[in-house]
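When you line the sequence shown up against UniProt numbering, it's residues 1 to 197, in that order.
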Amino acid sequence: MKMSVPYEATGRTRQKSRTRQALVDATRELLARGLTPQVEEAAEHAGVSRTTAYRYFPNQRALLVAAHPQLAPGSLLPPGASADPRTRLDLVVRAFTRYNFDWEPQLRTSLRLSLETGAQRPALRQGHAIGWIEEALAPLRETHPHVDVHALAVAIRSAIGIESLVWLLDVAGQSRDEAARTVLSTARALLAAALAA
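Shown next, in the form of structure tokens:
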């Protein structure tokens, strides 16, 4: 059985990589303006022909999924971070909340795509947040061996991601500063409850 090769993986790959990135960058710019671009609109904004754009992205969903932010630092903790899990968790939650606000239009679009009926694959992929939170909580493995660090990290992630921020902003009517304080307070409360268990 013959395997199909993605268009950008054949011939002139560097140029094709630049063209693909230009389409993704254009999509991110349009999303940041509050628009949800079709492939043709991203192509026009990027200065790429519609025909060429469709070779990279056959539909709007593929384009919007590609525009989802890819952030993958190994850690959100600064060098020499405290060994105190509370302090470490605060640092990670604040950094993750900044990331969510910086990429809010793209993350909102990915969230919407994930909720579409019949979506073939989730647009919101499991990222690095649970790992970052686990790293923040790592000292608990020595000081509080009864705490399931992974389960706690999952619980905290469920309360501090874009999904929670959207609810706090759109439904609860909080400002971004208030929402940031709310998710931080929730993360602290989950950690305190785990330590007291």
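Idealized CB from N, CA, C, for every residue including glycine.
With 16 other Cβ atoms within 10 Å as the buried cut-off, status of residue i
i: L115; result: exposed
i: V171; result: exposed
i: T109; result: buried
i: E142; result: exposed
i: Q15; result: exposed
Where residue i falls: helix, strand or coil (DSSP)
i: H144; result: coil
i: E29; result: helix
i: P78; result: coil
i: R157; result: helix
i: R18; result: helix
i: R181; result: helix
i: G131; result: helix
i: P122; result: Note that P122 scores 47 on pLDDT, short of 50, meaning its location in the model is unreliable; the coordinates nonetheless yield the value given after this. Here P122 sits in coil by DSSP.
i: T36; result: coil
i: R108; result: helix
i: R12; result: coil
i: A187; result: helix
i: A197; result: coil
Segment limits, alpha helix (DSSP H) that includes residue i
i: S175; result: Note, S175: premise wrong, no alpha helix (DSSP H); not H, not E.
i: N100; result: P85 to D102
i: V166; result: I162 to V166
i: A138; result: From DSSP, A138 is part of no alpha helix (DSSP H); its letter is neither H nor E.
i: Q60; result: Q60 to A66
i: T52; result: R50 to Y56
i: A46; result: V39 to A46
Rounded straight-line distance, which links the Cα of residue j to that of residue i
i: S175; j: L191; result: 24 Å
i: I162; j: L169; result: 10 Å
i: L89; j: V39; result: 40 Å
i: R94; j: W167; result: 18 Å
i: L165; j: A155; result: 15 Å
i: D148; j: F57; result: 42 Å
i: A180; j: A43; result: 35 Å
i: R33; j: W103; result: 12 Å
i: S49; j: Y99; result: 32 Å
i: Q21; j: A153; result: 33 Å
i: G80; j: T51; result: 51 Å
i: residue 198; j: R86; result: Residue 198 lies beyond the stretch modelled for the chain, which goes from 1 to 197, so this question has no answer here.
i: residue 198; j: R18; result: Absent from the structure is residue 198, since the part of the chain shown begins at 1 and ends at 197.
i: A123; j: A151; result: With a pLDDT of 47 at A123, under the threshold of 50, the predicted position of this residue should be treated as unreliable, though the coordinate-derived value follows. The straight-line gap from Cα to Cα measures roughly 23 Å.
i: K2; j: H144; result: Residue placement at K2 is poorly supported in this model, since its pLDDT is 48, which falls under 50; the coordinates still yield a value, given next. C-alpha separation (whole angstroms): 54 Å.
i: G131; j: S82; result: 18 Å
i: L35; j: L137; result: 38 Å
7 Å Cβ cutoff, residue i in contact with chain D
i: H150; result: The question asks about chain D, but that chain is absent: this structure has only one protein chain.
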